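Chains as they are written, first to last, in the numbering used here: chain B, 1 to 269; chain U, 1001 to 1195; chain S, 2001 to 2340; chain L, 3001 to 3276.
What follows is a single structure, written as structure tokens, with notes after it.
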Amino acid sequence: MPVDHRRLCGPEESHAPALWAAEEGGDESPRDPWALRPLFARAAVLSQADGSAYVELSGGTKVLCAAWGPREAPEPPTAAAAAAALRMGRLQCDFRRAPFASRGARRRPGSTAERDAERDLAAALRTALEPTLQLERYPRTRLLVSVLLLQDEGSVLAAAISAGALALADSGVQMYDLAVGCALCRGPDPSAAWVLQPGEAEERRAAVRLTVALLPALNQVSAVQGAGSGGTPEDWAEALCFGLDACYRLYPVLRQSLLQATCRRRRAM
Amino acid sequence: MDPSERFCVPGERLCSAEEATAGSGTYTRHGFIFSSLAGCVEKTSEESGLPVVSVVRDSDPQLLPDVGVVVTCKVCSINSRFAKVHILYIGSTPLKSIFRGTIRKEDIRATEKDKVEVYKSFRPGDIVLAKVISLGDSQSNYLLTTAENELGVVAAHSDAGMQMVPISWCEMQCPRTHTKEFRKVARVQPEFLQT
Amino acid sequence: MSERRATLRRLSCSNGASHCSRLLEGTAASRERRKRKGLSAVRREEAGSMAAVVLSEPEKLYIVHGVQEDLRVDGRGCEDYRCAEVETDVVSNTSGSARVKLGNTDILVGVKAEMGTPKIEKPDEGYLEFCVDCSANATPEFEGRGGEELGTEITSTFYTVFSSENSVDLKSLCINPREHCWVLYVDVLLLVCGGNLFDAISIAVKAALFNTRIPKVRVLEDEEGSKEIELSDDPYDCIRLNVENVPLIVTLSKIGYRHVVDATLEEEACSLASLLVSVTSKGALTSIKKVGRGSLDPESIFEMMETGKKVGKALHVALQKILDEEESLGTSRQKVGFLG
Amino acid sequence: MAEAFKTVEPLEYYRRFLKENCRPDGRELGEFRTTTVNIGSITTADGSALVKFGNTTVICGVKAELATPTKDSANKGYIVPNVELPSLCSPRFRSGPPGEEAQAASQFIADVIENSQIIEKEDLCIANGKLVWVLYCDIICMDYDGNLLDASAFALLAALKNVQLPSVTINEETGLSEVNFKQKNPLMIRKHPVATSFAIFDDTLLIVDPNAEEEDLATGTVTVVTDEEDRLCSVHKPGGSPLTGAKLQDCITRAITRQREVKKLIDKVINSIKPK
Chain B
1 MPVDHRRLCG PEESHAPALW AAEEGGDESP RDPWALRPLF ARAAVLSQAD
51 GSAYVELSGG TKVLCAAWGP REAPEPPTAA AAAAALRMGR LQCDFRRAPF
101 ASRGARRRPG STAERDAERD LAAALRTALE PTLQLERYPR TRLLVSVLLL
151 QDEGSVLAAA ISAGALALAD SGVQMYDLAV GCALCRGPDP SAAWVLQPGE
201 AEERRAAVRL TVALLPALNQ VSAVQGAGSG GTPEDWAEAL CFGLDACYRL
251 YPVLRQSLLQ ATCRRRRAM
Chain U
1001 MDPSERFCVP GERLCSAEEA TAGSGTYTRH GFIFSSLAGC VEKTSEESGL
1051 PVVSVVRDSD PQLLPDVGVV VTCKVCSINS RFAKVHILYI GSTPLKSIFR
1101 GTIRKEDIRA TEKDKVEVYK SFRPGDIVLA KVISLGDSQS NYLLTTAENE
1151 LGVVAAHSDA GMQMVPISWC EMQCPRTHTK EFRKVARVQP EFLQT
Chain S
2001 MSERRATLRR LSCSNGASHC SRLLEGTAAS RERRKRKGLS AVRREEAGSM
2051 AAVVLSEPEK LYIVHGVQED LRVDGRGCED YRCAEVETDV VSNTSGSARV
2101 KLGNTDILVG VKAEMGTPKI EKPDEGYLEF CVDCSANATP EFEGRGGEEL
2151 GTEITSTFYT VFSSENSVDL KSLCINPREH CWVLYVDVLL LVCGGNLFDA
2201 ISIAVKAALF NTRIPKVRVL EDEEGSKEIE LSDDPYDCIR LNVENVPLIV
2251 TLSKIGYRHV VDATLEEEAC SLASLLVSVT SKGALTSIKK VGRGSLDPES
2301 IFEMMETGKK VGKALHVALQ KILDEEESLG TSRQKVGFLG
Chain L
3001 MAEAFKTVEP LEYYRRFLKE NCRPDGRELG EFRTTTVNIG SITTADGSAL
3051 VKFGNTTVIC GVKAELATPT KDSANKGYIV PNVELPSLCS PRFRSGPPGE
3101 EAQAASQFIA DVIENSQIIE KEDLCIANGK LVWVLYCDII CMDYDGNLLD
3151 ASAFALLAAL KNVQLPSVTI NEETGLSEVN FKQKNPLMIR KHPVATSFAI
3201 FDDTLLIVDP NAEEEDLATG TVTVVTDEED RLCSVHKPGG SPLTGAKLQD
3251 CITRAITRQR EVKKLIDKVI NSIKPK
């Protein structure tokens, strides 16, 4: 493995103590599939960003997000990209997971696995947020959304999508709508029902996982990303409806936090 | 907070497009006006016709240089063909981040374009008023012009490090050493006299 | 210009309409077709010049209106595939390989089986590694680092698609738990990008996995417990993979109010959002994903999933038929390869 | 127009404030920003702390893992600190591997740990030559408004005080280690080093706890680390304008006072979260 000279690395090999611990029987009590974990959201939390938001799901998932309005875009690499840049701005997403964010072993920052995972999350975030933005108003520029995952207790991408939309709205870029994310999953048991906003353990055991993002005012879906043991289109459709309904239920919380931030900013003037 | 103020978030439906005209911070879709910002809803009635609905934020809007606007910029480098500048202000609004622009030799002044020399017009560090003429193409960034009497250098330091005073449309003088330096000087308007 | 191009394409499709009904065809038939298809040269040239598709508004409108009428520029209906050519065993030094041409899109996939150690969390399973090479030959867009973003997107999509537990029987790749297993390196090479990359690659991957032959090995243990791996002497003594559950990807591109399958580059330029679904031969959807910078309304997602299931199932049947045909020809099959 | 003056001539703008012995954010030259600490909020870490100096926000999470020690220090564990400046904390940082400033900060924290003996590395030994603890201390800046070093050192200290390690025993028969999560022990914190940074203006003026703007304009910075026995653990002065011995002595005196305040704050918060 190549040595990372830009970080202090410590010993070559180390293992999480949980590897040697007696297996924990972490069987959770069955939960109401309709229940949503309470969500705490606050916008305008960072000083150095144009816009920012913090989203926490009860149970522990903590996501911090910063957004910057239109900045000068770097030189486009190809002629086609340059032509596209003249028509509309670009959204760039960055996703970082704190090394201590997950249970078990520490995630090694900069390792190939970690970089790949972060890049996939960033790509998924961009797909979910791009439809909310009026990018054609910002030709030749880029907008930046940067996410830091502080603690992973499940439904991370969904929380990041909600936080990202809040941060962008807080930064004052023109948008079509907010985006609300929600995750759901279904256990391996064939009779298992879909549960909303699964925790980390539920996600790990799940046979099927799905994350959806909704633009509530336009009733459009900006992200669907699901995988697992196969299902019929009807199965997936049912899950999608279930997830979108949850997004509608989460929307007022996000909206309220954004209104509060807007009021606070106004008072600070 | 004024209780009569109405706040909204992006995507919120404000009214039907028949009741009002869409102002800044809004967009129209399917016959309705929606907010595109998190901000405060304002309705101004026009004497003739429909009121204008707009959404305003208190912080400065995210402005971008656009064709025709006057910008304040700082010269970073010059060569025989053009001057490279950083755009700092749009009108009197400071930009949150720097955008780069180019003033080509032929856009420095309106007359005798063939006799213009870049180094006799700008020096690195000068503060220049210019107007955006194009967003540029895939190769170049914003193109600017100073070919108007009101455009050109507004603040410059002499070799001795002193702020110079304009003495004609093409010369500035150092108050300490009294040496004269060439510049494309702007006829300064009162609102830009700041320091 | 746009009008002329459009009529040209209409012509070519009246020629090709007959084979549109057939979803896929094997090499034997395709060779013949290539001989009689006079217009193919024109199309190819067009493909070369249009690597970066920039369409004017009227051109886009023309495509969108056509889709609305269920009549696409090349004469297909919304749910019709272009005819695809599939050939397996095209690269001799791989464990399995396949080349797929779908319209202008041209994909080569090689599978190489190498011995490795199982992952800690799955000690009794082998695993698959994907690598996508967006060669600059495929389109000038890929020069420099241009292809990287697309390459990683394709790679991560395939990891997701194959993450489903029973897509490939990974347990059969285990040689002895915790110590040795087969690692299948699936290398995807994009030769020409002519739209609908994901579907074409998934066809090629499935065909290449079908074609894969892994040598049989035996684990010998001596008295002290140290193990030795012995390769079978007979080169024909090998394991085949069961690809029955390997899914195929169907991309449904939203154009206007409708969606199409197997979009061409021009159609992709008219589409803001697509839905990728991976479908098993039994018609189960193992993954779904929205791509593109637009959004979709829930109703159309439901419809797209239905179409995906229907088209995907038919695609599986057609592919399996070709694979079986090629298999039955055995070594007597005349290889077309790259010069065909 | 003040805004415009600030953009065009930021240093001149700042000097005008300094002449009046105050700073644009309303502080006096020797005044610290409001300092808060929140301990143990990240439950996936074995110890964590979030520290705020005004806007500057830094979080430190400690993860403990098991490893074999090196041959030449068979009875010593590892402490591996890393400072990260993600693109989220300020537009001045790009995403990707750590830049120069992050690397310098990591090295500074590593030096503080090494010089001050916060923890004896021998305390991290479980079985001599066989098994030791590795403490990965990841310090991430969430909001970058100056004085990263002080905040990082503070967050590290507070997070280490929060660490609870499960008890590990080595089974004599099998030779395998057994971890018991039910029985947890805190780390032995031997010293409480606290960093105090100063920005130097025009070679003579010292201002304490500089924010990002002040750091950019200053001609130099100096960071002094002291512990509860008033001993000097480290002085970090990365170039910039020179400093007289008397001025440095002044810095040390002020750092000692600051150490007392910070220690008091940590103890108060630790006590408040202790289960009754």
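C-beta: ideal position from N, C-alpha, C; glycine also.
What you are looking at is a predicted structure, and each value in this text was computed from that prediction instead of being measured.
Beta-carbon spacing of residue i, residue j below 9 angstroms
i	j	result
Val-2161(S)	Ser-2281(S)	no
Ala-163(B)	Ala-261(B)	no
Ala-113(B)	Gly-89(B)	no
Leu-3149(L)	His-3236(L)	yes
Val-2111(S)	Val-2217(S)	no
Gly-3129(L)	Thr-3056(L)	no
Glu-2266(S)	Ser-2274(S)	no
Leu-215(B)	Val-173(B)	no
Ser-1077(U)	Tyr-1119(U)	no
Thr-3219(L)	Asp-3203(L)	yes
Phe-1032(U)	Arg-1013(U)	yes
Cys-185(B)	Leu-244(B)	no
Where residue i meets chain B, residues with beta-carbon distance less than 9 angstroms
i	result
Arg-1109(U)	Within 9 angstroms Cβ-Cβ: nothing; Arg-1109(U) doesn't reach chain B, min ~27 angstroms.
Ile-3042(L)	Gly-60, Lys-62, Ala-98, Phe-100, Ala-101, Leu-150, Gln-151
Integer Cβ distance of residue i from residue j, believed to fall under 8 angstroms
i	j	result
Val-2091(S)	Val-2100(S)	Contact doesn't hold; Cβ gap of about 13 angstroms is too wide.
Trp-68(B)	Asp-50(B)	5 angstroms
Phe-3017(L)	Val-3208(L)	Not confirmed; about 15 angstroms, so no contact.
Leu-2285(S)	Lys-2310(S)	So it is not a contact: roughly 11 angstroms between Cβ atoms.
Leu-218(B)	Ile-161(B)	Not quite, the Cβ-Cβ distance comes to about 15 angstroms (not below 8 angstroms), so this is no contact.
Lys-1084(U)	Thr-1102(U)	6 angstroms
Ser-3116(L)	Pro-3081(L)	12 angstroms between Cβ atoms; not a contact.
Ile-3189(L)	Val-3037(L)	Actually they are not in contact, since the Cβ atoms of Ile-3189(L) and Val-3037(L) sit about 15 angstroms apart, beyond 8 angstroms.
Closer than 9 angstroms at the beta carbon, the chain L residues around residue i
i	result
Arg-96(B)	Glu-3084, Pro-3086, Ser-3087, Leu-3088, Ser-3095, Ile-3140
Within chain B, partners of residue i - CB distance below 8 angstroms
i	result
Asp-3145(L)	Ser-47, Gln-48
Pro-3238(L)	What Pro-3238(L) touches in chain B: nothing, since even the nearest Cβ is about 18 angstroms away.
Leu-2209(S)	Result: empty, since nearest Cβ-Cβ is about 18 angstroms, beyond 8 angstroms.
Chain A contact for residue i (CB, 9 angstroms cutoff)
i	result
Lys-1096(U)	Within the model displayed, chain A is absent; protein chains B, U, S and L are what it includes.
Chain-ordered chain B contacts of residue i [CB-CB under 7 angstroms]
i	result
Leu-2170(S)	Under the 7 angstroms cutoff, chain B gives no residues; its nearest Cβ is about 14 angstroms from Leu-2170(S).
Leu-1064(U)	Pro-70, Tyr-138, Thr-141
Ser-3177(L)	Trp-20
Ala-2284(S)	Gly-230, Gly-231, Thr-232
Val-3134(L)	Gly-10, Pro-11, Ser-14
Amino acids of chain S, ordered along the chain, whose beta-carbon sits closer than 7 angstroms to that of residue i
i	result
Thr-127(B)	Lys-2290, Val-2291
Asp-120(B)	Ser-2156
Chain-ordered chain U contacts of residue i [CB-CB under 9 angstroms]
i	result
Tyr-176(B)	Pro-1010, Gly-1011, Tyr-1027, Arg-1029, Phe-1034, Ser-1036
Partners in chain L for residue i, counting only beta-carbon separations shorter than 7 angstroms
i	result
Leu-8(B)	Val-3080, Pro-3081, Asn-3082, Ser-3106, Ala-3110
Gly-110(B)	Pro-3097
> Between the segment 3161 to 3172 of chain L and the segment 3228 to 3235 of chain L, are three or more C-beta pairs nearer than 8 angstroms?
Replying inline: no
>> For the pair the segment 3062 to 3077 of chain L and the segment 84 to 92 of chain B, tell me if three or more CB-CB distances fall below 8 angstroms.
In response: no
>> Quick check on the DSSP output: what are the complete beta strand (DSSP E) runs of length 3 or more inside the segment 2100 to 2188 of chain S, in order along the chain?
In response: 2105 to 2116, 2127 to 2134, 2174 to 2176
> Can at least three beta-carbon pairs, one atom from the segment 1033 to 1048 of chain U and one from the segment 1097 to 1116 of chain U, be found at a separation below 8 angstroms?
Replying inline: no
> For the 8 angstroms Cβ check, are there 3 or more pairs between the segment 137 to 152 of chain B and the segment 3036 to 3055 of chain L?
Replying inline: yes
> Should the segment 1101 to 1116 of chain U be called in touch with the segment 35 to 44 of chain B, which here means at least 3 C-beta pairs below 8 angstroms?
Replying inline: no
>> Runs of 4 residues minimum, wholly inside the segment 3128 to 3203 of chain L: which ones carry the alpha helix (DSSP H) assignment?
In response: 3148 to 3162
> Do three or more CB pairs link the segment 2206 to 2222 of chain S to the segment 2146 to 2155 of chain S at distances below 8 angstroms?
Replying inline: no
> Taking three-plus beta-carbon pairs below 8 angstroms as touching, is the segment 99 to 115 of chain B in contact with the segment 6 to 17 of chain B?
Replying inline: yes
> Should the segment 3122 to 3137 of chain L be called in touch with the segment 89 to 98 of chain B, which here means at least 3 C-beta pairs below 8 angstroms?
Replying inline: no
> Below 8 angstroms, can you find three or more Cβ-Cβ pairs linking the segment 2249 to 2257 of chain S to the segment 2057 to 2070 of chain S?
Replying inline: yes
>> Quick check for students: name the residue ranges of the alpha helix (DSSP H) that lie wholly in the segment 3206 to 3259 of chain L, counting only runs of 4 or more.
In response: 3212 to 3217
> Is the segment 2069 to 2078 of chain S touching the segment 2226 to 2235 of chain S, taking contact as three or more C-beta pairs under 8 angstroms?
Replying inline: no
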